[in-house]
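Taking it in order: structure first as C-alpha cells, then the write-up.
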C-alpha cells in the first residue's frame, strides 16, 4: 500500500507541474506574437537606413569617418555584447549565446586581444560568473519589450569609446530571428561599420550622381546617419533576441508539458499494476483462509 500511495503523490506532483508548464507555454505564445510584431515593424526602417547609408557612401568619394575606421591606438581591446534573458526555462537559448560569446573571447585572447563583455540579462551574467569569467558590465534593466531609450545609452557609450580609441571593435552575440521556425545564434560586427556601396555597378552610380543633387551634402548626411545606423542595428538585435527568447520558451514549455503527459500515463499504468497485484494478494489470502477452514 505504501508503494501505491507514493505513486499517487508523485502523479499529483507531476500534474501540478504540467499545469505550470502549460500556463507558461500559453503566456510565451501570447508574448511571442507581440514581440514578433515589434521585430518585424522595426526591420524595414533598419534595412532602409542601411540602404541609404550604402547609397550615400557610393556618392561620397573618399569619405572618411571615425565609425568606419579602427584607431591604431585602440589595438588590443574590444567589446562584446551578449544578449541573454533575465529568466530561464527557455531551453538552450542562453547556453547557445554564452557558448558563442566564450568562443569569441577565447579566440580573440589567443590573438592577444582583450575582450570586455557587456552581458545583457541575469542568466548570461550567472553563466559567466559560474565559469569564473570576468564581466565588464551587466545590464539587466531591459525587459521583454526593449525600448529604444533603453538601448540608446549602451550604443552611445560604445560609440564614444570606439571614437576615442579605447576599443578596436564591437561585436554583438544574439539570437537572430528569421521566422517562427528558424532562429540562429549569430555574432555580428557592430563597429567599425563596413562601408558598403549600392551594388548597382559603376554605370548606375554615375547615373545617380548626375541625376540627383543632394542637400545637404552626402558627407553631412553620413555624419548623422552612421551613428543612427549603429543605434538601430543594436536595437534590432535586441528585438530579434526578445522574440527568439519567447519562441525558445514556448517550445521548451510545450516539450515539458508533453513529457509530463507521458509521465502521468506511465505512473497511472504503474499504479494500476500495483493495485491489481494488491487485489490478487488479498484474494489469495481469502481463498487460502477458506481452504483452511474447509
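In our numbering, the protein residues as written are 714 to 1007.
Heads up, the beta-carbon is just placed ideally off N, CA and C, and yes, glycines get one too.
Inset, instruction - Have a look at residue 783 and residue 969 and give me their C-alpha separation to the nearest angstrom. - result: Mapped onto the chain shown, residue 783 falls at position 70. Mapped onto the chain shown, residue 969 falls at position 256. Rounded to whole angstroms, residue 783 and residue 969 show a C-alpha spacing of 48 Å.
Inset, instruction - Output the distance between the C-alpha atoms of residue 796 and residue 716, rounded to the nearest integer angstrom. - result: Within the chain shown, residue 796 is the residue found at index 83, counting from 1. Within the chain shown, residue 716 is the residue found at index 3, counting from 1. The straight-line gap from Cα to Cα measures roughly 47 Å.
Legend entry - residue 778: first and last residue of the uninterrupted beta strand (DSSP E) it sits in: As a first step, residue 778 must be located in the chain shown, where it is residue number 65. Note, residue 778: premise wrong, no beta strand (DSSP E); not H, not E.
Legend entry - Where the alpha helix (DSSP H) through residue 901 begins and ends: Start at 1 with the first residue of the chain shown, and residue 901 comes out as number 188. Per DSSP, residue 901 belongs to no alpha helix (DSSP H); it is in the beta strand (DSSP E), 895-904.
Inset, instruction - Below 6 Å CB to CB, which residues in the same chain sit around residue 902 once its five sequence neighbours on both sides are set aside? - result: Stepping through the chain shown from its first residue, residue 902 is reached at position 189. Closer than 6 Å at the Cβ level, and outside the excluded window around residue 902, lie 884.
Inset, instruction - Quick one: using the 10 Å Cβ neighbour count with 16 as the cut-off for buried, is residue 721 buried or exposed? - result: Taking the first residue of the chain shown as position 1, residue 721 is located at position 8. A residue is called buried once 16 or more other Cβ atoms fall within 10 Å of its Cβ, and residue 721, having fewer, is exposed.
Inset, instruction - Could you check what DSSP says for residue 858 in three-state terms: helix, strand or coil? - result: For the purposes of this step, residue 858 is taken as the residue at position 145 of the chain shown. Correct three-state label for residue 858: coil.
Legend entry - Supposed contact pair residue 955 and residue 748 - C-beta distance, whole angstroms, cut 8 Å: Indexing the chain shown from 1 puts residue 748 at position 35. Indexing the chain shown from 1 puts residue 955 at position 242. Residue 748 to residue 955, Cβ: 5 Å. Contact.
Inset, instruction - Select from 877, 972 and 764 the residue whose C-alpha is nearest the C-alpha of residue 730. - result: Indexing the chain shown from 1 puts residue 730 at position 17. When each option's Cα is compared against that of residue 730, the closest is 972.
Inset, instruction - Look at the alpha carbon of residue 906 and the alpha carbon of residue 892, and state the distance between them as a whole number of angstroms. - result: On the chain shown, residue 906 is found 193 positions in, with the first residue counted as 1. On the chain shown, residue 892 is found 179 positions in, with the first residue counted as 1. In this structure, the CA atom of residue 906 is about 26 Å from the CA atom of residue 892.
Inset, instruction - Indicate the three-state DSSP secondary structure (helix, strand or coil) for residue 840 in the structure shown. - result: Here the question's residue 840 lines up with position 127 in the chain shown. Residue 840 falls in the helix class under three-state DSSP.
Legend entry - Cβ-Cβ distance between residue 776 and residue 935 below 8 Å: For the purposes of this step, residue 776 is identified with residue 63 of the chain shown, where counting begins at 1. For the purposes of this step, residue 935 is identified with residue 222 of the chain shown, where counting begins at 1. Contact: yes.
Inset, instruction - Report the residue ranges of all beta strand (DSSP E) runs contained in full by the stretch 935-960; include only those spanning at least 3 residues, in chain order. - result: Taking only runs of at least 3 residues, no beta strand (DSSP E) segment lies wholly in the stretch 935-960.
Legend entry - Beta-carbon proximity list for residue 727, same chain, < 8 Å, skipping 5 on both sides: In the chain shown, residue 727 corresponds to position 14, counting from 1. Excluding residues within five positions, the ones whose Cβ falls inside 8 Å are 973, 976, 977 and 980.
Legend entry - Where the alpha helix (DSSP H) through residue 851 begins and ends: Start at 1 with the first residue of the chain shown, and residue 851 comes out as number 138. For residue 851, no alpha helix (DSSP H) encloses it; the enclosing beta strand (DSSP E) starts and ends at 850-852.
Inset, instruction - Answer with buried or exposed for residue 772, where buried requires no fewer than 16 other C-beta atoms within 10 angstroms of its C-beta. - result: As a first step, residue 772 is located in the chain shown; it is residue number 59 there, counting from the start. Burial of residue 772 is indicated by the presence of at least 16 other C-beta atoms within 10 angstroms of its C-beta.
Inset, instruction - Can you give me the Cβ contacts of residue 919 inside the same chain, cut-off strictly under 7 Å, excluding the 5 residues immediately before and after it? - result: Position 206 of the chain shown holds residue 919. Confidence is the limiting factor: at residue 919 the pLDDT is only 42, short of 50, which leaves the residue's position unreliable and the question unanswerable from this model.
Legend entry - Best match in 798, 879 and 939 for proximity to residue 887 [C-alpha to C-alpha]: As a working note, residue 887 is residue 174 in the chain shown. Measuring C-alpha to C-alpha distances from residue 887 to each of 798, 879 and 939 identifies 798 as the nearest.
Legend entry - Contact check, residue 950 vs residue 762, beta carbons under 8 Å: Your numbering for residue 950 matches position 237 in the chain shown. Your numbering for residue 762 matches position 49 in the chain shown. Taking 8 Å as the Cβ cut-off, residue 950 and residue 762 do not qualify as a contacting pair.
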